[in-house]
Each structure stands twice: as C-alpha cells, then as structure tokens.
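> Using the working numbering, the letters of the sequence shown map in sequence onto residues 26 to 1163.
Glycine included, C-beta positions come from ideal geometry on N, C-alpha and C.
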Amino acid sequence: MFMRRPLRRFAVICGVFFVITLLTYFYATRGTMDMKILQERVHQFNKDFAEKLRVPVEVDVPHNIVEQKELKCDPQVHASRADIETGPLYDNIPFKNEAGGVWKQGFNISYSPSDWNNKKLEVLVLPHSHQDPGWLMTLNEYFEKSTHRGLDATVDFLGKNSFARFIYAEVAYLDRWWKDLSPSVRTLFTKLVRDGQWEIATGGWVVHDEALTHYGAAISQLIEGQHWMLDNLGVVPNVSWAIDVFGHSTTATYILRKAGIKNALIHRVHYEVKKALAKKQNLEFIWRQSWDSSGETEVFVHLTPFFSYDIPHTCGPDPSICCQFDFIRNVLGCPWGVLPTMITPSNVQARAEVLVDQYRKKAKLFSNGDVLLVPLGDDFRYLTLAEWDFQVSNYQMLMDHINSKASYNMHIRFGTLSEYFDLVHSRSKLKEFSTFIGDFYTYADLDDDFWSGYYTSHASFKSMARFVEAEVRNADILFSIASHWSAAAHKFTLLAGLYDKLTVARRNLALFQHHDALPGTAKSHVMADYHVKLDEAIRCAQNVSAVSVAFLLGYESPEVCSALGLEASTGTSSVLISANPIWGTNSTPELFTLTLERLEDTKTLYLFNSLPRARDHVLRLRVNITRLLWDVKLQVKQPQTISISVQLENGITPLSVQLEPWDIFRKPGALGPLFHLSAGPIHLEPLEVVRVTLKPVSKASQSPAVIVVKPTLYRFVELPSSVAMFYAQEAADSLVPKLKSNLMELTFDRETGFSQAVLNKGTGESHKLAISIEMMKATSEPTRAGAYIGASFATKEPLAREPLSMRVLRGSLTEEVTTYYPQVKHTLRIHKLNAPGNLAVEVENIANLTDVQASVELVMVIQTGIQNTKGIFFTDSNCYQMIQRKYYAKIRQWGNIYPMTCAAYIEDGQHRVTLLSGQSVGVLAGENPGEIKVWLDRKVLSDDHRGLNEPLINVKPSRSVFSILVERMSQPVEALRGGVAFVPSLTAEAHYVQSDLTFPAAQFLTNFDPSRLVVNRQLMESTGLPCDCDLVTLKTFFSKSERYNGLSSVPGSQLGVILHRTVHACGATYLCDSACDCSPQDESSIRWSLAFPQLIPKMAVRTPVTLIPDKSTSASPDLNIVIPRMEMEGFLLVPSKT
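1. What is the DSSP secondary structure of Leu390, counted as helix, strand or coil?
2. Quick one: is Pro997 buried, meaning 16 or more other Cβ sit within 10 Å of its Cβ, or exposed?
3. In whole angstroms, what is the alpha-carbon distance linking Ile268 and His153?
4. Contact between the stretch 830-850 and the stretch 936-951 is defined here as three or more beta-carbon pairs at a separation below 8 Å; is this criterion met?
5. Between the alpha carbons of Leu744 and Thr737, how many angstroms are there, rounded?
6. Between the stretch 397-412 and the stretch 173-180, do three or more beta carbon pairs fall short of 8 Å?
7. Quick one: grab the DSSP three-state call for Phe517.
8. Assign Phe188 to one of two classes, buried (16 or more other C-beta atoms within 10 Å of its C-beta) or exposed (fewer than that).
9. Using 8 Å as the threshold, is the stretch 952-972 in touch with the stretch 474-481, meaning 3 or more CB pairs across them?
10. Can you list, in chain order, the residues of its chain with a C-beta nearer than 7 Å to that of Glu444? Leave out the 5 residues immediately preceding and following it.
11. Does chain B have any CB closer than 8 Å to the CB of Tyr752?
12. Need the endpoints of the alpha helix (DSSP H) that Met254 sits in, please.
13. Can you give me the Cβ contacts of Thr610 inside the same chain, cut-off strictly under 8 Å, excluding the 5 residues immediately before and after it?
14. Classify Pro113 as helix, strand or coil using the three-state DSSP reduction.
15. DSSP on Gly402, reduced to helix/strand/coil?
16. Beta carbon of Gly259, beta carbon of Trp230: below 8 Å?
17. Taking only the alpha-carbon atoms, compute the straight-line gap between Val84 and Leu858 and give it to the nearest angstrom.
18. Measuring CB to CB, does Pro365 end up less than 8 Å from Asn355?
19. Have a look at the DSSP bridge pairing and note the partners of Trp160.
20. Report yes if the C-beta distance between Phe633 and Val714 is below 8 Å; otherwise report no.
21. When burial is assigned at 16 or more other CB atoms within 10 Å of the CB, is Leu601 buried or exposed?
22. Below 6 Å CB to CB, which residues in the same chain sit around Ala107 once its five sequence neighbours on both sides are set aside?
23. Which residues in the same chain have their Cβ closer than 6 Å to the Cβ of Leu577, if we skip the five residues on either side of it in sequence?
24. Since Ile311 contacts Ile1083 with CB under 8 Å, what's their CB separation in whole angstroms?
25. Can the beta-carbon of Ile1121 be found less than 8 Å from the beta-carbon of His509?
26. Could you name each continuous alpha helix (DSSP H) segment of 4 residues or more that falls completely within the stretch 123-192, going from the start of the chain to the end?
27. Consult DSSP for Tyr407 and reduce its assignment to one of helix, strand or coil.
28. Within 10 angstroms of the Cβ of Lys1060, are there 16 or more other Cβ atoms? Answer buried if so, exposed if not.
29. Tell me where the beta strand (DSSP E) around Met750 begins and ends.
30. Determine the direct distance from the alpha carbon of Ser451 to that of Phe325, and round the result to whole angstroms.
31. Count Cβ pairs between the stretch 213-221 and the stretch 273-281 that sit closer than 8 Å; are there 3 or more?
32. Quick one: complete beta strand (DSSP E) runs, 3+ long, within the stretch 632-658?
33. To the nearest angstrom, how far is the alpha carbon of Asp335 from that of Gly112?
34. Is the Cβ-Cβ distance between Leu448 and Glu147 less than 8 Å?
35. Given a cut-off of 8 Å, decide if Thr1023 and Cys927 are closer than it, judged by their beta-carbon atoms.
36. Does the distance from the CB of Val127 to the CB of Asp470 come in under 8 Å?
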C-alpha cells in the first residue's frame, strides 16, 4: 500500500529532526568535522530513507502538471469538402415518410419519349443470386440444399449461352463447390470468369457487414477471398456488389479503393436518403474520404433507388408491374395480385411497352449518359436449368423486340456490373458526378423501422469475434516472422504444417464477418454453428502462435527442433501452449487456469507484444493451488505461509503480485480454492517475447496461511465456509466509496455501485462521470422490434428492488468495486500502473438476460459535464477513423443509435470524454448534453418481419469491457459548414488505450525444459515503427500465381505487411509519462531492413491492401516506406537480391 501524503509529511519532519539531532551530536562530541564527510553521510541517509518510502508500481503525479508539461501535437489534417455530406443532407431531409404514389417511398416520375432522341437508352440486365453463407440455415445446409445445384446449373447454362451473364459474390461457397468439381467443369468455370460472362464481385470470403467489423478483419476476409480467386481462377475483381449489407460504411469503401476497386454498387440506404438523392439525380456519386482533397480515395458508387434488390423493385418504380416480369413467379405468385404473363409473339409488343415505360422512369433518376442497370434476381435464384431457361427465354423475346423497334430509342442486353460501369464512364466524365463524404447509418427500409437493433443483437458473439480477431492476428504475425527468420530459414519445414491450421483460423474468422453473422441476425442454430467455427479458429490460431513462438525461442536447440517435428506429425502441443483466455462452449471467456501441485513447482511463461510500440503488460491467470496446500500440509511439519512469486528472468525487476480469491464466481460443487493472479508491470518492447517465472514461496509461520488480497464483501447473506477465510465482510455503512491510485480517484455510490465522479490528480480537476445501467422495456403493444430493428421504449425497469451485494478489492495493481444486479454484474476498475493502457476508468459488465421474460434492452448511461449543447458527438468507423454525428429530434430515438466498433466521444471547448470499447455495440449521444448511452445487450420476444421468422430470445450471457478517458483538449474543435475544420480523431493516449484493449499481449506456458529456450527474443528493433504508425498485420501465403514471379521471400512463399498511419488529436489526460509522447514528422519514412534486421526480406514492394501485386508491378522495391497521414498501405517484402 502506498503512503498517503500526511504520513509522508510526518516522515519528512522526522527525517529533518533526525538530521538536526545528528549534527548536534557530531558538533557536541567532536567539536569540528570534515564537512565533505558530513555531506556524504547526510546524502546516504536521505537515499536510504527514500528507498524505504519508494513505491515500485505507482508513481506520484504532481498537481498542475498541465502547466509543467508542454503537449506535443500532431499536425492536424484539414477536412475535405464535398458536394454532398451526410450532416447537411440529414439537416435538410424532413423524415416525414410522405407517400409517393406507386413508388411509395419516392415520388411520381415523368418523362418524354423524345428525351432519348439524341442518344439511345442502353439497358443492361444483370442476373444474380444472393446466397447468405448462414442465415436461416448454416453454410453447409444451404450448400447441400440449394447452392451447389444453383452453381451447377449456372455454369452449365452460361457455358451453352455466351450472351448470358451472371454476378456472384460469396467466395466461401465457391471454395466449397470447387473442391467437388471435375477438371472439365473447373476449366469451364475458369473460362467463364476470365471471359467476363460470370463476374465475381468484390471477392471477399463473404459480403461482410460494414457497421460492426474491425477494419483489420474486413481486410483479412477480403484477402482470403481474393487470394482464392487469384490462385484458382487467375483473376481478381474490379467492381464491388453489396446488396444486402445493412447500411454502408465510409471505411469499407476506402478499403475497396485500397484494394484496387474503383466502382461499387450499394443498396441498403435509408429510403428518405435515397429519395433526396434521386430528386437531384445523385444516386450515382463519387465517394471520397474526409481527409482526401486530391481524389486519391475516390470510388464511383451506384445506389439502387428502390425498396429491395428483388425483381419487383429493380425494373422501375412500380413493383406491381415489375413483379410481372419475374417469370418464375408464375409459380410463386406476386403479392400485388397480378401474375406474370409468358411472352409470346402475340403479346410481346404490349408487354414490351409496359417494361419500356418502367425502364425509362427508372433512367430519369440518373444522370449518367443514359445507361441503365437492371438487376434480375433475388435470394437463392437460378437454382435449376429450368429457371434459367424460363427467365432468359422470356427476356430474350422482349430484348429482340425492343432492339428491333427504333421508336423506343433503347438497346437492351444482358450485361455484367463491369460492363455497366464501363459504359457509364465511356459516356460521362467523373467530374460530372457529385462528390460525397460521410456514411449511410442508421438504415431504415420503411416507416420508422430503423435497423439499429443488430448493433447489439447476440452481444456475446460480438465480444467473442473481437477476441478471435486478436488471436488470428497474433498467429499471422508470429507465423510470418518465424517463417522468414533468417537465422532459421533452413528449418522452415518444422513450420510448414501449421499453414493449414492458420488457413482454418483465417477462414472461420472471415466467415463470421458475414452480414448476418457478426450482426446476430441468423437463426439460433446458425449462430450456434458460428460459435463452433469461432472456437475452432481460436484453437487453431493459438496453436499456430504457440508453435511459432517455440520455434523462434528454440530453433538453435536440437531438442526443441525434435519436439517440434514430433508435434508437426502428431498435432500435439509439446513445447508451448497458449495461456490466453479460453472460450470453448461458453459465451464469455475464462482465464487460463494454472495448477501448482508442489512447492518445487516452477512455471515458465512467455509473453508476446504484438504491437509495434513498447508497453507494460499485466499477467493475468487463474491459479489452482488445491494440491499445493495438501502437499505443504503433508510434507512440512511447521505451519507455512504460502505466497506466489512472479519475476522476470533477470531476477532483478520486482513484479507486484495481486492474488485474489475467485471462488464465489464458480459453479456450485467446483473444487477450490481457485485464485485470480495478476502480476506486473512487465515491460515489453515492440514485438518482443519475454520470459517470466511463477513459483510458490513458503515461509514458516505460527499458523498456515495464503497471502492474498482480501476483497471486502458487503451485503453478502452467507459465504461458503471453505472460502470465507479469504474474504473480509463488513457492514455497508462502513464502505468508503472511492477507488484510488496515484493517478486518479473514482467516487462511486455505495448503494448502487455506479460511478459518480473522477478526480484527475495530474490536473487537480474533478469531472462528473455518473454511470448507470437501465433496463429499457419495450412498449406493451405489438412491437416491430426484433433481431434487426431497434425498439421503442415505454418504461425503465429497475435493475434491482433490494439492497445489492458488493465486492471491493484494493490491491497493489488495481482497485475495483463489483455490484451484483440480477441481470448484470457491473465492475468499476482503476489501474495503478503509469502506462498508456492504464490511464482510463475500466468498466466491465457481464449481462445475463436469459431469465428475463420480456422484451428488454440493457443500456449503460454515462453522464458527464461536457457541454455539447448542439447534439454533436463522434463515433468510429470500423476502428479506422472517427465520424461526426448529430442527434436529430425529428428521427425516432432508435434511429439515432449508431454503430460503435471501438470508440465514441463527446467534447466541448476544453474537455473530451472518450469511451473505448472492447466489442462492437450501439451508441447514442447528443440527446442530452454530456450524455452517452451504450447498448449492452437485448432480448426481444417478437420477430421484426424481415425474413428471420424468429424472436431474439436465445441470448447468452455476454461480457462487455469499456475504458473511459477524460482529457483536456489543447486545441478546441473549430466548427465549419456544420461540420469540423479538421478530420476528427482520437488523441494519442486514447489510441494507445484502444490498442491495448483490442490487441492484448499474448501469454504462453512452457511444456518443455525452459533451459532449451532463450530467455527473450526481440522480433523487431526497440525503436519500433513511428509512433503514429499501426501494424495492421503481417501475412504469409503460398501463391503460385505468376504475379509473384520474383516477389517471393522464402522459396514458394510470400510475405506481406499492411501499415496504417494515424493522426492524433491534440489532447491528453496529463497522467502519462513519455511513453505517450508522439511527435511525428510530416512524413514518416520506414526502413524495413532497420525495423526487422533479422528477417530475410529487406525491402518492400507497394501493393493494394490485398497484397496482390498489379500485373505491371516490377521487382524494383521501395527502399523506404512512406505512408501519408490517415492512409493505409500494403507491401510485399522481398529479399535484397531481387
């Protein structure tokens, strides 16, 4: 425990008195004394005295440090301007849902046939089949029942009809189908794709969700899909097709451009936004990023105008007419009551007149040189040759008739999306289209049905997905470094077998980025199937990481190499195993359990820092010492006090150990005692692997004991006798409602356990930080809410009606209070390390709505003193950038909820409150000044009629973790045209906290003689990357494509890296030491050979972020890597000999 200031003051007074007494003694007894000797003795006394008062973990922070420390800030990036921006666009839309005639959500469209006298209307009809890799069925169920038949029929039909076209987007299904194809069908399919008849758009493993995905995971699934296409088909896509994604993200569009895709089609955008854009013929626009003033990030976008992507809503504004031209509905039926009429020579003219009218009306919504795209498909269509024949034969008769009549001034044919964009660009110049900055959230398809519910549906999966992302990233980085470690290149065969496991992990994670998986909008048994695949991804990734680390630590040892060889052949983990948290079948993670059986047990662990910057880590494990206590009792006659020692290999650096009981959280009947161990700080250099040892220590005592930090329990009715000794129990009125460190002091309510205020000891400022959790109950009348759609609320149900049990822990590393509500276990925690990742208030919630028999939404409300009186707040876009939002009273409350993947903040002229998240959630702010609401979990007893046909009731307990920073802003945000003058961004401290939250250090336990492994391994130079540069990933792959000729590293393999250069806002908590300082130059240059001198590759070749070089890419590498601010770049790493 650290000394309080009055005690220190008393100690100093005593010290001064002692010195005076000492001087008096010397003068009285010796008369005179050599002053030099006296000064040396006094100096030694002061040094010894100070050593006794030194606190090894915490660091005092002087008040008014703001005046003492000059904040160094990044040069800010000015926000670019566009013709259309989300903020002004929303300001001008009334959102009144006015009736629009046959196009209910639009307006009446008029035209004159003479409008096309000078130029024919060119119409391209595009057959498509949307096939979710998991929704009402699992991927395998869909494939067996429908997909494989549809793909078989399609390849057959296109092969026999060269005029036909088709677009498809799910590479996950193509991979499954390809494995069973005969060589002749593979050849035919490849020819169709290369010839442009069968277009594969985007090329992702799935069509990923754009609201909740981390940008790293989105890129990874795109890499997985496009590499499959390159390796098997020899092509990569040049267009994107996303018709079922629930809203569209600006970062997702940026990733497309960085992947080399410059044209995209999108669909699910709020119907009022579509209407506003259509009125000005702005349904096609140039989407650019907020920092881009030169057009380098631009993507040309086609937004479909109508309600759905099915045939009734794609030929024109009147669905009752368009449905008549979906000829398979002659069997299936049309909701508007008029069935399709088969085309014959006798009716072709009349039917053509009707269809031409719809095409012309739709064309008037665009200003693109008279080119019209007409998608022709729906979910799981074209599953048989009969359906292909049925649709195409009828359309071919219509096309022949229309093309033969000059009076129509129209030419119609089947065409691909690429052919459509080529036509548009041949007839219109890009500068003729409006530019757009912003995104398209929150989506509504009709009325006030805002699709904000899926931001939180199946919350446990969103937490698990973020964990898997970190594990797969670790595996990618460690496998890549191990595979290309120059000193061990000749032993690469020991690692070759890992690539299959790495591929499984990558693809299972990629599958979960699907727009019905991560959003939680699939049926319960499909979500269960996703869980199995995510758990498999964890196990595979952890195994790859463990073997790769073992190789890097022990490749010089014959014994280790022999063990790794055996491991490769048997699949067992013999050297290292992961000591990271475990999921299994659980919906929340459990810490890895370490068992100590004897006093002689010494456990050796290794820690890996996956970040390109140094950080301090706290080792966290569960420790089972049941057998150890029995062993001590049997072997040692005198009573012993048992403690756990954790130290770095040098034995010099002391680590503070916090051992606390864990038993009251365990299931009834579980054996104990079980403890939660935290140890630190453990300093880790960039990409460093460090050894620590853990062992029990005994000391003779009068009675047996285990040295633990005893939590204090309040309002616990009874405690099992087996664990009561490890706790203190006190009356509730004795509780001191404060959590303290040398950096901050958090005040909480002793009745509710909710935060009230936080004191920053660096600035001396106290800030309101009032946290509460509300259980919002839906309206009593039938609600339209469900897995997709957010709910309207009538009441706030109290979380508890009786006094609450509380647990307070005051340890050397953390202080925390946990309050046990019936539906949520709520923990507030502050850390006592002066490190970038520990400068925030941590909030952990474990929600459990399984027993709630009502439609409810669990919402965490944070109230602060921030005066954002204009309703302005900011949320992240896929963890890549921040976007300004605004609360609109004209939109229903659940329409003001936005996706938050990593961060949100509110600010005024002086301060900012930043909320950082360890999982994707929904967030709302701006409704009341200083307030942020976060949706933690939800349960809905109704279906929202969007096809799922299942209420959201099979929810599992979920864990959510947040960090909250209160920062002083040194540069007030400047308002400009209703937006901001600079691109909004996190501060450096917030960015570092978020990095630690998203990518914690990995932990490994040795199963081998540690003397055969080196103590540590520096995988990167200690200087790391520039402080504003993130390592997105390192990836190794084995491609035989000719595009990699001369660009491979280890023979047969390629190594790629993706880097992201951030911009930091000018603000700070003023609690961080030099570790938070970041003052980059205007252009940061990276010399790869200096950053990674131990790797075989020495130079870099710039590529798209998919790490697929262009056909024209030469083997002339860039010696220095230069990345502009806010940008992200991919590079292939090659040996210097190329």
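Reading off the structure:
1. coil
2. Because the pLDDT of Pro997 is 45, which lies under 50, any placement of that residue in the model is unreliable, and the number read from its coordinates should be weighed accordingly. Result: exposed.
3. 11 Å
4. no
5. 12 Å
6. yes
7. coil
8. exposed
9. yes
10. Leu149
11. Absent here is chain B; the protein component of the structure consists of one chain.
12. Tyr240 to Leu258
13. His556 and Asp560
14. helix
15. strand
16. no
17. The pLDDT assigned to Val84 is 44, lower than 50, so where the model puts this residue is not dependable; a value taken from the coordinates is nonetheless given after this. Between Val84 and Leu858, the C-alpha separation is close to 8 Å.
18. yes
19. DSSP, once it has assigned bridges, lists no residue as partnering Trp160.
20. yes
21. buried
22. Thr460, Phe461 and Ile462
23. Ala507 and Arg1042
24. Going by Cβ atoms, the distance from Ile311 to Ile1083 rounds to 25 Å, so no, they are not a contact pair.
25. yes
26. 164-167 and 173-185
27. coil
28. buried
29. Careful: Met750 lies outside any beta strand (DSSP E) and carries neither H nor E.
30. 14 Å
31. no
32. 640-649
33. 30 Å
34. yes
35. yes
36. no
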